[in-house]
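Residues in the sequence shown are numbered consecutively from 11, following the numbering used here. We put the CB at the ideal spot given by N, CA and C, even for glycine.
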Amino acid sequence: MNKYLICFFIVPVQASISIVYNLRVAETSKRLEIGSSTSYPSSGTCTLFGTFREKYNGVKHSNVSGLFSLIYAPKSFFVSMDMAVGQVFSDTNGVHFSRTQTDDLLFSAGYSPPISEKVRITFSGLLGFPTHDDTSLEYVQLGYGHYGIGMQVDGTIAYLNNVDHTLRYAARYIYFFPREVPAIVDAPNMQFHYALGNLADLFFAFHSTIARHSIEVGYNPSFFFGARIFPPVDDALKKTDYIRNSFYGIYKYNFLICGMEHTVTAALSYGFEPTPKVFGNKHIISAWAAWSINF
11 MNKYLICFFI VPVQASISIV YNLRVAETSK RLEIGSSTSY PSSGTCTLFG
61 TFREKYNGVK HSNVSGLFSL IYAPKSFFVS MDMAVGQVFS DTNGVHFSRT
111 QTDDLLFSAG YSPPISEKVR ITFSGLLGFP THDDTSLEYV QLGYGHYGIG
161 MQVDGTIAYL NNVDHTLRYA ARYIYFFPRE VPAIVDAPNM QFHYALGNLA
211 DLFFAFHSTI ARHSIEVGYN PSFFFGARIF PPVDDALKKT DYIRNSFYGI
261 YKYNFLICGM EHTVTAALSY GFEPTPKVFG NKHIISAWAA WSINF
């Protein structure tokens, strides 16, 4: 059978869960404020993350992961690294699958020009590196499995004339480079030229601090668009491009151990995808807890 005809009989799963590219986790797990006067310019964060997704067609995906982040932020610039490992699960009409993988490796660097005590803005660049092949045409996977390059603008604006109460914001764009991707088990010798396309995120949140306690609520719309695949595969692009709405709430507690600042974080998020129908996620429930330390 001609390999191009084979493509029309393949209906891939196409599903990727990434923690390092999750903007809600990244923004709410930050410990250091760029440009702060802390005597400890470095920060390390360990985040435990879990998510459950149910698609409109009844397919279920879930994940349990550990995210490790390091950031060095002396004065007005920063560099950071994020990496994760975890297990992904799927339930497709009673057929169960799971595997353990590493997420992509993400490096970031940015600069925060001095503006005022009540306004902060940071400009960042991002580089993502895959740690395994993209096998999303077979089964659900951890990480996107593609090289990525992007940019981000984020910051805070104090309101109520008090720096303890801030509006937090972020805008991000990431482009994922195409790569050769193995076909599913029905055609093990085939390769596809697969481009995930582009990921764009917005982020808005209200954050308040009272003594050692902080609370935050926010909204994170995400847009994945521009996916391409060759040879063409039925429904593959419909399972890649999406519009996602996510809402979250978090609680943080700061404390000192041996004179060093620590922060514990607990967070819960709910999301859904209005498009695509059938292949989109009807429910996305995520929870994460983090421990950060300045050193």
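Cα-Cα separation between I184 and G281, rounded to whole angstroms: Approximately 21 Å, taken between the alpha carbons.
Taking C-alpha atoms, which residue in A300, E64, V95 lies nearest to G290? Residue E64 is the option with its Cα nearest to G290.
Alpha carbon of F202 to alpha carbon of S53, nearest angstrom: 41 Å
M93 to Y66, Cα distance in whole Å? 30 Å
Along the alpha helix (DSSP H) that carries A36, what are the first and last residues, could you check? Element bounds for A36: 33-38.
Beta-carbon proximity list for Y305, same chain, < 6 Å, skipping 5 on both sides: Note that residue 305 is Phe in the sequence shown, not Tyr. Taken in chain order, the residues that qualify are Y50, S52.
Can you tell me whether DSSP reads K287 as helix, strand or coil? Collapsing the DSSP output to three states places K287 in coil.
With a 10 Å radius around its C-beta and 16 neighbouring C-beta atoms as the bar for buried, classify V69 as buried or exposed. buried
Tell me which same chain residues have a C-beta within less than 6 Å of the C-beta of T110, skipping the five on either side of it? Q97
Measure the C-alpha to C-alpha separation of G153 and V191 and round it to an integer number of angstroms. Put simply, the backbone Cα of G153 is about 14 Å away from that of V191.
In three-state DSSP terms, what is K249? Reduced to three states, the DSSP call for K249 is helix.
Report the start-end ranges of each beta strand (DSSP E) in the region 55-140 that is 3 residues or longer and not cut off at the edges. 70-82, 87-102, 105-112, 115-121, 129-139
Close-in-space but distant-in-sequence residues of the same chain around H175 (CB under 6 Å, 5 per side omitted): Y169, S218
Within 10 Å of its beta-carbon, does H156 have 16 or more other beta-carbons around it, so buried, or fewer, so exposed? Buried: at least 16 other Cβ atoms inside 10 Å.
Assuming H71 and F99 form a contact by the criterion Cβ under 8 Å, report the distance between their Cβ atoms to the nearest whole angstrom. 7 Å
Helix or strand or just coil, what does DSSP make of A215? A215: strand per DSSP, three-state reduction.
Grouping DSSP H, G and I as helix and E and B as strand, with all else coil, what is P192? strand
How is the beta strand (DSSP E) around T145 delimited, first residue to last? It is not in any beta strand (DSSP E) - T145 carries neither H nor E in the DSSP assignment.
Using 8 Å as the threshold, is the C-beta distance between P231 and N208 below it? no
Residue interval of the beta strand (DSSP E) (run including P231): 223-235
Quick check on DSSP: helix, strand or coil for M161? strand
Hey, how far is the Cα of S47 from the Cα of L177? Summary for S47: the model assigns pLDDT 45, below 50, so the residue's position carries little reliability; its value from the coordinates is reported in the next sentence. For S47 and L177, the distance between alpha carbons rounds to 21 Å.
Following the continuous beta strand (DSSP E) through V173, name the residue where it begins and the one where it ends. 172-186
Determine which residues share a DSSP beta bridge with V243 and list them. DSSP output for V243 lists no bridge partner at all.
Is S46 helix, strand or coil by DSSP? Only weak support exists for where S46 lies, its pLDDT of 48 falling under 50; the value from the coordinates is given anyway. S46: coil per DSSP, three-state reduction.
So, with DSSP's three-state summary, where would you put A299? strand
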